[in-house]
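One structure is given here, and the rest of the page talks about it.
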Amino acid sequence: MANPAALSLREHFRTPEQQRETSSIGMWIFIITEVMLFSGLFMAFTVYRSMYPQAFIEGSAEMSIALGATNTIVLICSSFTMALSVYSAATGNRRMLAIFLIATMILGAAFLGIKFTEYYQHYRDHQAPGVWFDWRGRDAAQVEMFFVFYFIMTGLHAVHMFVGEGLLFTMLLRTAAGSFSARYHTPVELVGLYWHFVDIVWVFLFAIFYIEGLHLHHG
Amino acid sequence: MIPAVEVAAERNYLNEETGVLSWLFTTDHKRIGLLYVASISVFFFLGGLFALLIRLQLLTPNGLLFDSETYNKLFTMHGIIMVWFFLIPSIPNTLGNFLIPMMLGAKDVAFPKLNLLSWYVFNLGALVTLYSIFRGGVDTGWTFYTPFSTTFSTTYVIAAAAGIFIAGFSSIMTGLNFIATVHRMRAPGMTWFRLPMFIWSHYATSLILVLATPILAVTLLLVAVERIFQVGIFDPALGGDPVLFQHMFWFYSHPAVYIMILPAMAVVSELVPAFSRKPLFGYEFVAFASISIAAIGFLVWGHHMFTAGTSPYAAEVFSFLSYLVAVPSAIKVFNWTATMYKGSISWDTPMLYAIGFIGLFAIGGVTGLFLAALGIDVHVQDTYFVVGHFHFIMVGGTVLAYLGGMHYWWPKISGKMYPEGLARLSALVAFIGFILTFFPQYILGYLGMPRRYAVYPPEFQVWHVLSSAGASILGIGYILPFCYLLWSWHYGKPAPPNPWKSTGLEWKTSSPPPKHNFEETPVVTTGPYQFGEMKEELDLG
Ligand SMILES: [Cu+2]
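Sequences listed follow chains P and C, in order. In terms of the numbering used here, the first sequence opens at residue 4 and continues consecutively. In terms of the numbering used here, the second sequence opens at residue 6 and continues consecutively.
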């Protein structure tokens, strides 16, 4: 019986441990660049939030707290199933690995479904920035800016979710092909890291976009 | 012991596989380095062409060739191409790619496929930016200042920015790859303090690449969104803050200067010991200087906005920090000089470039301190003084080091020697051309000539003519090495494995190296630059 760890050792590495550690450090560096990417946007948001606090709270009051909170719970659950996927991979349980990968994908899809429902509602209510935007209250330009950041930041997050779904699907195919074992399952671990990172970003997005205007809620 | 290869092996990375496809699908870091050389050479000469047109225009006070609109496009495209498609990738992606795994005693970088992908992504970005140029160009300046770039410019801003955005991913891939490589791919015995300074400096560069480039990406993304949807982000008429754009842009673009200069320092830190036959003076200081340049370099961006209405207290802090970042740079200059002191210096071409680098970098660095001083900056902000300063760093620094490194490692890369006499002459030509081009720009700036103008008062003409004359000499200094290096690729004398009698693992294998760099993984037992001990070995041999 061929040893999968040996089979997957690429020729420029000396040992499987070296390969695993290299992949892992690569993923961590990637996550650091992602943190920088989002933090640039968080910083810009914070600057304008402090310049136009009233308008940003008005904008935040237009968020659907029910859908946002549901999505937060959905993503936290998906982080849990992702952790179980990694655990199943590490214990060599391929059946459970496949099941938990599928569960994570379903939760991710549910998140995206809810997210796009919200986008549609904002569009319907003339809250999408640009030519679609129509705000009857005060500070229309500043409220629009809130929505600009809302769409850019949650949109960028959604793009990461789509990428995550693709990665999960690849992991599922490789699981079905029998590529993973208790000794070799680095890709599952790395996808897990990525997925958790994307989930954590959402928690911050939820805080800045949904919770701020809670006390002014219009409906 | 490290296995020494006596004669050039028959099979090497160049002839192991042949054909165009073997290059386009290669994952060999050495070949990818050469692919980058090809790409950036094209962009260098394209950017140089724009420089030539700029210098022609400025021969006469009323402008020789173009109207102001065209001139705006010329300096913008010169800047964009030179910064993002030549200088940023110049040394790391060519020499860095080629040498980092070899210096570590590794077979390849950590992620070879990602390395190849970065080349494709880089070229894709370049093509998108070139599209904007062929459709009529961009006129915002390479800095894309808002609200001009988002609201008023009628040129192809989005395509140009999109190309830079895409090329940014290639920067991130390269930085990520290098960091992982340095951490995980070192040969047995290659401890951190046995790393050649080339590695330390590239490690510091890579930190900046992965930390700063994402900020450029979001900044350009926001510019594109504002421009496409006409929503307020940076445009003050729509409630935005244009100075926030400047903060975000320079948060990337100041560290980007160190992306350009740290690899140049990496090269010079190898050349100076090799041609002085002495260990690098103060190894640990130079190593930590690289890291502290990268770290402090993130905290100085505000010096680009002293006259943009930022608070005077912030300006004082940024001014102080800008002085602080000069300290590790100065440490390096002193240590290179101390390395040469009482060394047996040989005046081969790479050393000529290295010495040119040290001199020009020192001038460029000190004039940077003028600019970091709050009072003087008000006088010279947005003048040719600034243009002179950053060209001393980027052209006098990075380009000279790139050429010096290319000559030094050319025998390893190509397996051939270049014509030494011609090379020394062309190094001299480049140096003289450089001084003549850019020194007058300091004077122009100090006299009050603002940058980015197509016309100027007649009393400035003599300095502009000097600068243009220098530029044509400098051009010859660039075309010459390009020609004779290409010539030597076919007709040069075969190079021995170690033509410079250098230390470093890359010299312990054949020229050109085999596909996986070493016949066996080397085991490292000493630090770099052991020139004293090597001498005996050579005398015996
Ligand atoms: Cu700066």
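All C-beta atoms in this analysis are idealised placements derived from N, C-alpha and C, irrespective of residue type, glycine included.
Ligand 1 heavy atom lying under 7 Å from the CB of residue i
i: C/H259; result: yes
i: C/V262; result: yes
i: C/H309; result: yes
i: C/W306; result: yes
Cβ-Cβ distance between residue i and residue j below 8 Å
i: C/N20; j: C/P518; result: no
i: C/Y461; j: C/P66; result: yes
i: C/G142; j: C/T210; result: no
i: C/G302; j: C/Y263; result: yes
i: C/G401; j: C/F444; result: no
i: P/M30; j: P/L193; result: yes
i: C/S334; j: C/I381; result: no
i: P/F152; j: P/F48; result: yes
i: P/M108; j: P/F212; result: no
i: C/V126; j: C/I171; result: yes
i: C/T155; j: C/F239; result: yes
i: C/A192; j: C/P527; result: yes
i: C/Y318; j: C/P424; result: no
i: C/G168; j: C/A131; result: yes
i: C/V522; j: C/K112; result: Note that residue 522 of chain C is Asn in the sequence shown here, rather than Val. Yes, these two residues count as a Cβ contact at 8 Å.
i: P/W230; j: P/S82; result: There is simply no residue 230 of chain P to check, as chain P begins at 4 and stops at 222 in what is shown.
i: P/A101; j: P/T178; result: yes
i: P/T84; j: P/A106; result: yes
i: C/V248; j: C/A320; result: no
i: C/P117; j: C/I45; result: no
Given residue i as reference, the closest of the options once Cα atoms are compared
i: C/H259; options: C/A377, C/S316, C/P499 and C/K506; result: C/A377
i: C/V223; options: C/Y208, C/L304, C/M202 and C/F250; result: C/F250
i: P/V191; options: P/A161, P/I109, P/M164 and P/L170; result: P/L170
i: C/M178; options: C/P424, C/V236, C/L214 and C/Y489; result: C/L214
i: C/H188; options: C/F170, C/G53, C/A172 and C/H207; result: C/H207
i: C/K337; options: C/Y328, C/F280 and C/M270; result: C/M270
i: C/S274; options: C/T514, C/N340 and C/L129; result: C/N340
i: P/F154; options: C/M345, C/Y413 and C/F234; result: C/F234
i: C/Y567; options: C/I363, C/L357, C/P455 and C/L379; result: With chain C covering 6 to 546 only, the question about residue 567 of chain C has no answer from this structure.
i: C/L471; options: C/L449, C/K421, C/I296 and C/T155; result: C/L449
i: C/I105; options: C/N120, C/P504 and C/F91; result: C/N120
i: C/A474; options: C/P455, C/Y496, C/Q466 and C/T442; result: C/T442
i: C/D387; options: C/Y451, C/F325, C/W352 and C/V332; result: C/Y451
i: P/D202; options: P/R97, P/D142, P/V50 and P/H160; result: P/H160
i: C/I37; options: C/V529, C/Y328, C/L122 and C/L64; result: C/L122
i: P/I214; options: P/E20, P/L104, P/M99 and P/I60; result: P/I60
i: P/L104; options: P/P19, P/S42, P/F172 and P/F165; result: P/F172
i: C/Q553; options: C/Y76, C/F50 and C/F49; result: Missing from the structure shown is residue 553 of chain C; chain C here goes from 6 to 546 and no further.
i: C/L225; options: C/E464, C/G453, C/T151 and C/I360; result: C/T151
i: C/S493; options: C/A428, C/H469 and C/E511; result: C/A428
i: C/A432; options: C/I484, C/K498 and C/I350; result: C/I484
Neighbour flag for residue i against chain B, beta carbons, 8 Å
i: P/Q145; result: Among the protein chains in the structure shown, which are P and C, there is no chain B.
Bounding residues of the alpha helix (DSSP H) (the contiguous stretch that carries residue i)
i: P/F41; result: P19 to M54
i: C/V434; result: E425 to L452
i: P/Q130; result: Segment: none, P/Q130 is in no alpha helix (DSSP H) and carries neither H nor E.
i: P/S88; result: I68 to A93
i: C/N340; result: P317 to M345
i: C/H521; result: Run containing C/H521: none; DSSP gives neither H nor E here.
i: C/S513; result: According to the sequence shown, residue 513 of chain C is Lys rather than Ser. Taken as a continuous stretch (DSSP letters only), C/K513 belongs to no alpha helix (DSSP H), as it is neither H nor E.
i: C/V467; result: Q466 to Y496
i: P/F209; result: T189 to F209
i: C/P241; result: Counting along the chain, C/P241 falls outside any alpha helix (DSSP H), and DSSP gives it neither H nor E.
i: C/Y358; result: T354 to A377
i: C/Y389; result: Y389 to H396
i: P/Q145; result: A143 to A179
i: C/A115; result: No alpha helix (DSSP H) holds C/A115; DSSP gives it neither H nor E.
i: C/S258; result: P247 to S281
i: C/E289; result: Y288 to I301
i: C/Q535; result: Careful: C/Q535 lies outside any alpha helix (DSSP H) and carries neither H nor E.
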